[in-house]
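Under numbering that gives the first Met the number 0, read the sequence shown as residues 0 to 883, first letter to last. Reading through the structure tokens given below for one structure.
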Amino acid sequence: MPGKVRVYELARELDITNKEIIALCESLRIDAKSHSSSLVEAQADRVRKKAVSDGLVNTKPEGELKATSEKAEEEIENKQGETRPAPKAVSSKKPPPAKPKPSEITDNSTVVSSKKSPAKIDSTKPVSAETVEEKPKPKTTKENSKQGNLNTPPVSASGKPIPPPPGPISKSGRPIPPPPGKGGRGPAPEMQRSGPNMQRRNQGQAGAQRNNAGQFRGARGTKPSGAPVADFLSKPGQGGKPTSGKPNSGRPGGPNQRPQRKKKGRRRRRQEELQPMDTPAYTPEDAPVPEGEIVIERASSSIDVAPKLNRKTADIVRFLMEQGEMVTATQSLSDDMIELFAAEVGAEVKLVDPGEEQEIELQTKLETTPINVDDESVVERPPVITVMGHVDHGKTKLLDQIRQANIVAGEAGGITQHIGAYQVDLEGGSLTFIDTPGHAAFTAMRARGAEATDIVVLVVAADDGVMPQTKEAINHAKAAEVPIVVAVNKIDLESADPQRVLGELAEYELVPEAWGGDTIVVEISALENIGVSDLLENLNIIAEVEDLKATPKGRASGVVLESHLDIGRGPVATVLVQQGTLSVGDPIVAGPSWGRVRALVSDKGEQVQHAGPSCPVQVLGMSDVAIAGDEFIVAPDERTARDVADTREHYQRVATIGRDSSAGSGGGRLEDLFSQISTGEQATLNLILKADVNGSLEAVRESIKKLERDEVKVSFVHAGVGAITENDIQLASTSNSTVLGFNVRPDRKAREMADHEQVEIRNYEIIYKLLEDIESAMIGMLVPEFEEVITGEAEVREIYRVPRIGAIAGCYVLDGKISRGSKVRFLREGTIIWKGEIASLRRFKDDVPEVASGYECGIGLSDFQDLKDGDIIETYDEKQIDIS
0 MPGKVRVYEL ARELDITNKE IIALCESLRI DAKSHSSSLV EAQADRVRKK AVSDGLVNTK
60 PEGELKATSE KAEEEIENKQ GETRPAPKAV SSKKPPPAKP KPSEITDNST VVSSKKSPAK
120 IDSTKPVSAE TVEEKPKPKT TKENSKQGNL NTPPVSASGK PIPPPPGPIS KSGRPIPPPP
180 GKGGRGPAPE MQRSGPNMQR RNQGQAGAQR NNAGQFRGAR GTKPSGAPVA DFLSKPGQGG
240 KPTSGKPNSG RPGGPNQRPQ RKKKGRRRRR QEELQPMDTP AYTPEDAPVP EGEIVIERAS
300 SSIDVAPKLN RKTADIVRFL MEQGEMVTAT QSLSDDMIEL FAAEVGAEVK LVDPGEEQEI
360 ELQTKLETTP INVDDESVVE RPPVITVMGH VDHGKTKLLD QIRQANIVAG EAGGITQHIG
420 AYQVDLEGGS LTFIDTPGHA AFTAMRARGA EATDIVVLVV AADDGVMPQT KEAINHAKAA
480 EVPIVVAVNK IDLESADPQR VLGELAEYEL VPEAWGGDTI VVEISALENI GVSDLLENLN
540 IIAEVEDLKA TPKGRASGVV LESHLDIGRG PVATVLVQQG TLSVGDPIVA GPSWGRVRAL
600 VSDKGEQVQH AGPSCPVQVL GMSDVAIAGD EFIVAPDERT ARDVADTREH YQRVATIGRD
660 SSAGSGGGRL EDLFSQISTG EQATLNLILK ADVNGSLEAV RESIKKLERD EVKVSFVHAG
720 VGAITENDIQ LASTSNSTVL GFNVRPDRKA REMADHEQVE IRNYEIIYKL LEDIESAMIG
780 MLVPEFEEVI TGEAEVREIY RVPRIGAIAG CYVLDGKISR GSKVRFLREG TIIWKGEIAS
840 LRRFKDDVPE VASGYECGIG LSDFQDLKDG DIIETYDEKQ IDIS
């Protein structure tokens, strides 16, 4: 790993233990949890300096250290030959080396107790320290006299000492490994096959590794000879069995040496695996937490929450376990768990739904450049007035009268199916009006109009009174907490009853001022221009009382009221500016759409360069059709706008994966529904929906979804804004779908392809006609359901045998009437024993079509002759249930 070093490598370099390296890292606030943790070079340098300052490593120059290392290595090797212990016989205390006289120095100085031969020692049982006595007599050299006493060897997990590895000694008394390339200098002390405390071999001594491997093989079944251990060790590089006088082929140091790959012994690997694991490190309780409000998504795991609170995952898991909650690091936490731990560490958290955290981050990214707003820049703005009410109560006609325009003539069927935004300049100032649809399908449009408004004008027809969409408009206005002005329209009609309308409004807490309430009610006639000026005057008064203000300075922001795809101009968004000033050339973001404002068009069709607060304009230059209801904001630069829009689009695409997974080969067109239902499977209606504006698209889609039944499901393969194209026809042919167009038409090439591919296209201009057709098709294609209706009941009282005909039941009609050809059930003691039809029905000698209750008759049953007195004949019809 270039530029990084692991803890165990650094420990080997400094000749200290892994735990000491980890302790140094913790003191330096470096995250190192185990021996395999990685450190960058800068962190490793800090650890090295810290180890030197703490006196854990030698600070000699490299050349002097190398020379000392080589001399110390020779001395340790000689010492190993003199103090070689018997197998598994390790002294618990190593006596300090004494200064022997030169005459006492011998090559064979190891004394083995004669009570037990080493060959007879059981290798499976540990041998006590008294079994073998060590009497080392090291050579007297300058280097040896300078080294001093060795520290007590480290102790394993089982409590038994482990002899230190050979090598030079640092200041702390720990051996330093020799430099590379010094292998083959001599065999290391013999390692027992089955002992738990195996001596770690020096990785730099390749010859010693191979010789030890040979000793493993020799220790299995061959008894070692009685040759002195020192004689065996006096032949460096000569591995293999000590009883053999011939050099083993392929062994290191022999004449027939062949290369071998170094391998880590299985026992050595096992010992490394059995080393005690490092306990998890916990964050100090007084560790600081981030200041301010911390945003955390609901159902986050401990791994996700811990970094945001400057804590470790183990801290959260331990705390929750102390509270009695058994959780894992990857388990989702409840809101109470997150808030409880946050309160414990003193952090302030805000829990949001999944996906909102990313949106907050994107909003922060958009607001990196602060908008400079001061009190002096705040000015009065025109009020935003939303006209709401039931369908065909005269909302758009009222706006026509105010604007002196004829908008109704441009709407299909006289029904508003779009949001219209207009600004009217009057003597008292400017007023911005938002016209919303009144049809039941456009609930979302009315909700958006209420959220973006300052005042709501509720139009109620004097002849109809309060209707369903009137109630819905009242609820939207109350939810937006805006004042409501009631306009009682159509007072010029003979059937008008304004007092009844006022009484119905009072039931919804809209008490007129004339009745002692606080709701302004104006009686008008939009068609005859009666009372319109009084309505405008009251609106100006309310606007003055509300004291509506905004700043024209800074980057603009607002809401998208409507959007559509224009053939000549591309995506067009109708926006309402709420703060700042929107100018041509500004980079803009609206949901997953972005762009640079290419042109601004006012409600009068004029191109403008700027649009201030409460000004509705059409924006050209967006990358895609914006979603109605999304907020828009001017970004600091075009790159930021693109990044934010792309990120939002990614999150939306991930969230919608699988939403319409049933689309495709499993569904079908309208004409295919009956065949699917008749086979007993659930039918799926695949639709491709195209509309002129985004709001209508949303309304139609939601309305069709409400028509779903248990037998028929609706799947939208594609829904978009714009004309029906060849791509839509190709997709419909592939997915077996029906194409619906709302206020859009296919071009010539699309129609030709539809005829060739046999794709059905249905075009509509009025939404309720579209919904009626879809609902009729669904109902008509459903499998008819039937219910049984009991028509008559007769009792068998006598049986007649007729030649060539069989048995005839002489019956008395108890209830209803018995008709010829009716379906019949034959009951005996309440049990159905036969079902069929009446073959013949006679009264005396005449054939009759039916016999009423209280009369006798003869009944002949087809294919049934087992008749008995007292049996009951029950007739019934199956009637189809009306599906609605």
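We treat Cβ as the ideally placed atom computed from N, Cα and C, and that holds for glycine.
C-beta atoms of residue i and residue j nearer than 9 Å
i: D602; j: Y767; result: no
i: T452; j: H389; result: no
i: P745; j: I765; result: no
i: E697; j: A627; result: yes
i: G579; j: V633; result: yes
i: G869; j: R800; result: no
i: V377; j: K548; result: yes
i: V596; j: G584; result: yes
i: S26; j: Y7; result: no
i: S732; j: N685; result: no
i: A555; j: S592; result: no
i: I20; j: A31; result: yes
i: A461; j: L492; result: yes
i: V558; j: L575; result: yes
i: T518; j: V510; result: yes
i: V624; j: G721; result: yes
Residue i CB to nearest heavy atom of the ligand ZN below 8 Å
i: Q617; result: As far as ligands go, the structure on display features none, and thus does not contain the ligand ZN.
Residues bridged to residue i [DSSP beta-bridge criterion]
i: L860; result: I837
i: Y650; result: According to DSSP, Y650 bridges with nothing at all.
i: A593; result: Sequence check: residue 593 is Trp here, not Ala. In the DSSP output, where bridge partners are listed per residue, W593 has V588.
i: K548; result: E379
i: Y799; result: I807
i: Q400; result: The partner list for Q400 (beta bridge, DSSP) is empty, contrary to what the question assumes.
i: G428; result: L425
i: L581; result: A610
i: A460; result: N488
i: N685; result: S714
For residue j and residue i, the rounded distance between their alpha carbons
i: S331; j: L350; result: 14 Å
i: L38; j: V4; result: 5 Å
i: E506; j: R499; result: 11 Å
i: E695; j: A749; result: Residue identity check: residue 695 is Ser in the sequence provided, not Glu. Each residue's alpha carbon lies about 22 Å from the other.
i: F785; j: R652; result: 45 Å
i: P586; j: L619; result: 12 Å
i: N762; j: Q729; result: 18 Å
i: E508; j: L397; result: 25 Å
i: G719; j: L688; result: 7 Å
i: A22; j: D53; result: 12 Å
i: I832; j: S821; result: 17 Å
i: T683; j: A476; result: 38 Å
i: M752; j: N742; result: 20 Å
i: N150; j: S33; result: Because the pLDDT of N150 is 44, which lies under 50, any placement of that residue in the model is unreliable, and the question is left without a value.
i: E292; j: A346; result: 8 Å
i: K394; j: R402; result: 13 Å
i: F863; j: V812; result: 20 Å
i: L308; j: A478; result: 37 Å
i: D629; j: G590; result: 6 Å
i: E792; j: F825; result: 10 Å
Interface flag, residue i vs chain D, CB-CB below 9 Å
i: Y854; result: No chain D is part of this structure, which consists of one protein chain only.
Contacting residues, own chain, Cβ-Cβ under 6 Å from residue i (five flanking each side not counted)
i: V383; result: T431, T452, D453, S613
i: S127; result: Only weak support exists for where S127 lies, its pLDDT of 41 falling under 50; the value from the coordinates is given anyway. Contacts found: none.
i: I29; result: Q42
Cβ neighbours of residue i in the same chain (closer than 8 Å, five flanking residues each side left out)
i: D352; result: E296, R297
Same chain, Cβ closer than 7 Å to residue i, five either side skipped, listed in chain order
i: V788; result: Y875, D876, K878
i: E321; result: none
task: Report yes or no: do the stretch 632-646 and the stretch 597-617 share at least 3 C-beta pairs separated by less than 8 Å?
output: no
Cβ pair count under 8 Å reaching 3, the stretch 823-842 against the stretch 858-877: yes
Validate contact between the stretch 812-821 and the stretch 848-855 using beta carbons, cut 8 Å, 3 pairs: yes
query: Given 8 Å as the limit, is there contact between the stretch 732-741 and the stretch 806-813, that is, 3 or more CB pairs closer than that?
result: Cβ pair count under 8 Å is below three, so no.
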